[in-house]
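UniProt numbering applies: residue 1 is where the sequence shown begins, and numbers increase by one.
Cβ atoms here follow ideal geometry from the backbone N, Cα and C, with glycine treated the same way.
Computed from a predicted structure; not experimentally measured.
Below is one structure, written out as structure tokens; the observations come after it.
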Amino acid sequence: MDFHRLTYARSGYLAVDLFFVLSGFVICGAYGAKMADGPSLMAFMVRRFGRLWPTHVVTSILYYCVANAVFGIAALFVTGRFAIKVIPTPLEIVAQLTMSQGLNLFNHVIGTGVNWSTGDEFYVYILFGALCLFARGKLRLAAFGAMALIGYVVTVWVSYVSHHCAAGYRCMDLSYDYGWARCLAGFFIGALLAEFRDSAPVRALRTGPMQCAALAVSALIVAFAFQLPGLALAAPIAFAVLVGSLSGDSGLVSALLNTSPFQYLGRVSYSLYLSYGVFGDFIHVGGAFRSPLDQGLVLAAFFYFSFALAHTLYNRVEAPCRARFHAWADRISGNPSRTVSAG
């Protein structure tokens, strides 16, 4: 079965917004107070580039190989001829090398269809680093709030005006065009949460019942956002409450997330996300079959290959490259052998 047709899975794209909020919270907590000069900002950017770019480039190349293999074999069965159908233009190649494929420079999806968020996240990192360097105290809080508000307003406006959200389409499902606004809103909401993590309202969230309630509300939003137009727009706030409830690293939900399976998924989550994009065309192929058994087999192959690739990417590309770029960043900042939990 094509899981995109499953009613309660259709709003799974909102998981990206949870990642944006979590990323803002983690990055601000790890780096917000440490960017005091040019070298520290440069070291931060080197770390973030090394975290994102190598895996992004490898999966982009793999995507074109897999897409052409899938569609080529499909064409072979239909027409008797193998044909290469997915070829990036020079501008598309440049966009992916510079991670600018999600900045509304094209009128179509570039590459995997999920890597837009990688590029948007990187450029939001640059903005975050600049704000941390030049804004302090209340000015920084105001700047973070302004960025979150701008991103959210643009997201709402585009969802309703350009994407016809009120008619029942996928609210907040902005990607290559205005996905940067989603990223801006979610990231700086998370950053604000990090700035206020020791405040009384956030501490009040760190209880078992509040964790369960926040998790339930977030799950309900994802489950019913496709049926209730506009509900998805509440996702960033709900996700911020969820992240805040887990920020004390205690409670039932936190204990569950600290188990080995979830810790493993957390480690490989970036590689797994991009691997999903590499094999995304399997879903389209599966939809062409009428038999539920055949569709199920294609879907099983999709998950198997995605997890296998994610495991390999993490161990062979993501983790080794991150270590090398971190070492380079440590030399730039003058703090060798320093461990940063943000990755």
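Problem set entry | Residue interval of the alpha helix (DSSP H) (run including Val57) | 38-79
Exercise. In or out: Gly266 buried (at least 16 other Cβ within 10 Å) or exposed?
Worked result: exposed
Problem set entry | Boundaries (first-last residue) of the alpha helix (DSSP H) holding residue 381 | Limits of the chain in this structure are 1 at one end and 343 at the other, which puts residue 381 out of reach.
Exercise. By Cβ distance below 8 Å, which residues in the same chain neighbour Ser275 in space, the five residues on each side in sequence not counted?
Worked result: Thr59, Phe305, Ser306, Phe307, Leu309, Ala310, Leu313
For this session: Could you give the DSSP three-state label for Asp177: helix, strand or coil?
Result: coil
For this session: Have a look at Gly248 and Ala216 and give me their C-alpha separation to the nearest angstrom.
Result: 19 Å
Exercise. Roughly how many angstroms separate the alpha carbons of Val86 and Gly208, rounded to a whole number?
Worked result: 49 Å
For this session: Output the distance between the C-alpha atoms of Val124 and Gly80, rounded to the nearest integer angstrom.
Result: 47 Å
Exercise. Taking all protein chains shown into account, do 16 or more other C-beta atoms lie within 10 angstroms of the C-beta of Tyr270, making it buried, or fewer, making it exposed?
Worked result: buried
Exercise. Below 8 Å, can you find three or more Cβ-Cβ pairs linking the stretch 28-45 to the stretch 69-84?
Worked result: no
Exercise. Is Leu133 closer than 9 Å to Ser40 when the C-beta atoms are compared?
Worked result: yes
For this session: Output yes or no for whether 9 Å exceeds the beta carbon distance between Gly119 and Ser100.
Result: yes
For this session: Please indicate yes or no: does the CB of Arg182 lie closer than 8 Å to some heavy atom of the ligand GDP?
Result: Absence of the ligand GDP is noted for the structure shown, with no ligands found whatsoever.
Exercise. Taking the C-alpha atoms as reference points, what is the distance between Ile110 and Gly102?
Worked result: 8 Å
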